[in-house]
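When you line the sequence shown up against the numbering used here, it's residues 576 to 890, in that order.
The block underneath contains the structure these notes are about, expressed in structure tokens.
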Amino acid sequence: MVLHHIVEAQQFNKKTLQEIFIFADRVKERIERGFPLELLRGKILANLFYVKSIRTMFSFETAMKRLGGEVIGTESGEAFSSELVGATLEDTVRMVGSFVDVIVLRHYQSGSAKRAAEVSPVPIINGGDGAAQHPTQAIVDLYCIEKLMGGVDGVSIAFLGNLMNSRTIRSLVYFLAKYSGIKIYFASPRTLKMKDDLKEYLTEHRVSFSESFDSAEDLMEIASKVDILYLTQIPEDHFGDRICDYDKYREIFRINQNILNRLRKDTFIMHPFPRGDELPVQVDKDPRAIYFDQIKYGQFLRMGLLCYVLGVRVD
Ligand code: CP
């Protein structure tokens, strides 16, 4: 049997994504109509987290339980593991995989999900590996765009903030490159710009993109053009002693009333959370803020993903 690991965005095509979206739609419909779902009764998921999480960990846990399955897990994979005395991630994954039916792995090293998938006897779902990828958060975002905008083709999207280290943005950009007519605007501090490998990928795949650095004026211009403004935190620790730089960028990339005034009425504001100063709570009441919808759609999408990787059809 071919295992359906979820390691990185590049492994998907539009057809598979559509299949997962349909699973999520069907799960959503059944839950909203009050039908019990026992599709994964008898299955066990392991949340194997070496780095803290609340959204990804809880949403997979809830998704599995709502489908009738069970969950074991730890947020301290390394502390509780024999890895402290020299065992490898591979050994741990083999061991956990012999107990359960699917593993969600969050790890601090880029490439760890791929390493796990190479040895795991059960499907591996990458819940975030270092600064590399966070494909399930990005599929959630894509599903949210599909539902709220009626499709992904032709979408224009601005990514703001910490582009160098956002694994969610990396995954989402790889996904978007599969659709047609996509326009991407990257806006960030120069020291946190999008990495070259991803820009080369976009060029190879003929996806239109532009970059802007350190500029409040550019940001206003970009805000007036796009369908989606996708925000991420600017990390204070990146700037070390250069606190003036941090203060400057925090001001530039914080959503304020001037930026809200420049957005079109039908532009959506997205954020993978957790948020920082870039997204003041006052924005929550703006009808264009859909970051809590992202979380709500994430629940159904992760249920659809679990059915997909475990080979269970949702009819
Ligand atoms: N969005 C996200 O990945 O959040 P967590 O770190 O809480 O899982």
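For glycine and all other residues, C-beta sits at the position ideal for the given N, C-alpha and C.
Helix, strand or coil at residue i [DSSP, three-state]
{"i": "residue 590", "result": "helix"}
{"i": "residue 682", "result": "strand"}
{"i": "residue 708", "result": "strand"}
{"i": "residue 845", "result": "strand"}
{"i": "residue 645", "result": "strand"}
{"i": "residue 888", "result": "coil"}
{"i": "residue 798", "result": "helix"}
{"i": "residue 752", "result": "coil"}
{"i": "residue 701", "result": "strand"}
{"i": "residue 758", "result": "strand"}
{"i": "residue 576", "result": "Unreliable positioning characterises residue 576 in this predicted model, as indicated by a pLDDT of 48, which lies under 50. A coordinate reading is not provided."}
{"i": "residue 596", "result": "helix"}
{"i": "residue 835", "result": "helix"}
{"i": "residue 746", "result": "helix"}
{"i": "residue 735", "result": "strand"}
{"i": "residue 581", "result": "strand"}
{"i": "residue 677", "result": "strand"}
Assigned exposure category for residue i - 16 Cβ within 10 Å defines buried
{"i": "residue 675", "result": "buried"}
{"i": "residue 728", "result": "exposed"}
{"i": "residue 609", "result": "exposed"}
{"i": "residue 667", "result": "buried"}
{"i": "residue 771", "result": "exposed"}
{"i": "residue 819", "result": "exposed"}
{"i": "residue 640", "result": "exposed"}
{"i": "residue 836", "result": "exposed"}
{"i": "residue 576", "result": "At residue 576, the pLDDT of 48 sits below 50, so the modelled position is not reliable; the number obtained from the coordinates is stated separately. Counting Cβ neighbours within 10 Å, residue 576 comes out exposed, since fewer than 16 surround it."}
{"i": "residue 683", "result": "exposed"}
{"i": "residue 753", "result": "buried"}
{"i": "residue 887", "result": "exposed"}
{"i": "residue 697", "result": "buried"}
{"i": "residue 517", "result": "There is simply no residue 517 to check, as the chain begins at 576 and stops at 890 in what is shown."}
{"i": "residue 756", "result": "exposed"}
Contact check, residue i vs residue j, beta carbons under 8 Å
{"i": "residue 828", "j": "residue 853", "result": "yes"}
{"i": "residue 623", "j": "residue 646", "result": "no"}
{"i": "residue 788", "j": "residue 825", "result": "no"}
{"i": "residue 648", "j": "residue 616", "result": "no"}
{"i": "residue 807", "j": "residue 717", "result": "no"}
{"i": "residue 777", "j": "residue 784", "result": "yes"}
{"i": "residue 580", "j": "residue 699", "result": "yes"}
{"i": "residue 767", "j": "residue 804", "result": "no"}
{"i": "residue 650", "j": "residue 632", "result": "yes"}
{"i": "residue 679", "j": "residue 889", "result": "no"}
{"i": "residue 599", "j": "residue 749", "result": "no"}
{"i": "residue 593", "j": "residue 715", "result": "no"}
Heavy atom of ligand 3 within 7 Å of residue i beta-carbon
{"i": "residue 631", "result": "Within the structure as shown, ligand 3 is missing, the only ligands being ligand 1."}
8 Å Cβ cutoff, residue i in contact with chain C
{"i": "residue 624", "result": "Going by chain labels, chain C is absent from the structure shown, which holds only one protein chain."}
- Do the stretch 703–718 and the stretch 734–745 meet, that is, are 3 or more Cβ pairs less than 8 Å apart? yes
- Which runs of the beta strand (DSSP E), 3 residues or longer, sit entirely within the stretch 761–829? 783–788 and 803–806
- Task: Please list the segments of the beta strand (DSSP E) lying wholly inside the stretch 602–647, counting only runs of 3 or more residues, in order along the chain.
- Result: Those beta strand (DSSP E) runs which fall completely within the stretch 602–647 and span 3+ residues are 619–624.
- Assess, as a yes-or-no matter, whether the stretch 717–726 is touched by the stretch 678–698 under the definition of 3 or more beta carbon pairs within less than 8 Å. no
- Task: Indicate whether the contact test is met: 3 or more Cβ pairs, each with one atom in the stretch 830–845 and one in the stretch 767–782, closer than 8 Å.
- Result: no
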